[in-house]
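To start, the structure itself, in structure tokens.
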Amino acid sequence: MKLGKLIVLTGPSGVGKGTLLRSLLQRHVELDISVSVTTRSPRPGEINGKDYYFVSREQFAEMVQADALLEWAEYAGNCYGTPRQQVNEKIHQGKWVILEIELEGARQIHKTFPSALRIFILPPDMDELENRIRGRGHDEETAIARRLNHAQTEIAAADEFDIKIINDDLEIALTHIETAIFNI
């Protein structure tokens, strides 16, 4: 059986990675998503095991210690990681797996899976990114400032990625992602 493919989708918080990914998965049932582990609290409507695996900091530390995470990073005061076994199983089954992860995790993946296709999603500009983050309506002012500050560092690293796509128009950005993945 042919091995699957690993695709990494990265970009700053609020850039629209989740929205793009949901649309991509609706259009392409052959793609599979890896569900990340996080120490942050669930947002309204999020389901454990579907959106994330929500764990305590202690549980997360145990996973790191046991080398159960393919990558992990701390972002905005919370830890995020990708379960190693889940991804390896899917790739060995020939599936195309997409990881929606932060910059540090994407850098770690590049070391362990250098053949992964790495896509960086950019905002049209910083003002629009701030509007999107504020528009969510669930972050406090300090968290918004932290996310915007961190976004500048992330955007500066965009050249490390195979493909850069500006999410100015959802449909156009989605088409660019499909082209990158499927060489359409």
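Under our numbering, the first residue of the sequence shown carries the number 913, and numbering increases by one thereafter.
Every residue, glycine too, gets a C-beta built ideally from N, C-alpha and C.
Go through its chain and collect everything with a Cβ distance to residue i's Cβ below 6 angstroms, but skip five positions before and after it.
{"i": "HIS1088", "result": "ILE1077"}
{"i": "LYS917", "result": "TRP1008"}
{"i": "VAL920", "result": "LEU1011, ALA1018, ILE1021, ALA1028, ARG1030"}
{"i": "CYS991", "result": "THR951, PHE972"}
{"i": "LEU1110", "result": "The question about residue 1110 has no answer here: the residues shown for the chain are numbered 913 through 1096."}
{"i": "SER925", "result": "ARG1059"}
{"i": "ASN1095", "result": "none"}
On the CB-based measure, 16 or more other CB atoms within 10 Å of its CB, does residue i come out buried or exposed?
{"i": "GLY961", "result": "exposed"}
{"i": "THR1065", "result": "exposed"}
{"i": "ARG1046", "result": "exposed"}
{"i": "PHE1025", "result": "buried"}
{"i": "GLU1014", "result": "buried"}
{"i": "LYS929", "result": "buried"}
{"i": "ALA892", "result": "The shown model of the chain, from 913 to 1096, leaves out residue 892, and the question about it has no answer."}
{"i": "ILE959", "result": "exposed"}
Straight-line CA distance for residue i to residue j?
{"i": "THR922", "j": "GLU974", "result": "25 angstroms"}
{"i": "ILE1075", "j": "GLU1040", "result": "21 angstroms"}
{"i": "GLU1090", "j": "LEU1082", "result": "12 angstroms"}
{"i": "GLU1042", "j": "LEU937", "result": "26 angstroms"}
{"i": "LEU915", "j": "LYS1002", "result": "9 angstroms"}
Between residue i and residue j, how many whole angstroms is the CB-CB distance? I'm expecting something under 8 angstroms.
{"i": "VAL949", "j": "VAL927", "result": "About 22 angstroms separates the two Cβ atoms, so there is no contact after all."}
{"i": "ASP1051", "j": "ARG1044", "result": "11 angstroms between Cβ atoms; not a contact."}
{"i": "PRO1036", "j": "ASP1071", "result": "Not confirmed; about 18 angstroms, so no contact."}
{"i": "VAL947", "j": "TYR965", "result": "6 angstroms"}
{"i": "ALA1085", "j": "LEU932", "result": "6 angstroms"}
Once you ignore the five residues that flank residue i on each side, which residues in its own chain have a CB closer than 7 angstroms to its CB?
{"i": "ARG955", "result": "HIS1050"}
Per DSSP, residue i forms a beta bridge with which residues?
{"i": "LYS962", "result": "Answer is none; LYS962 lacks a bridge partner."}
{"i": "ILE1033", "result": "ILE1077"}
{"i": "ALA985", "result": "TYR992"}
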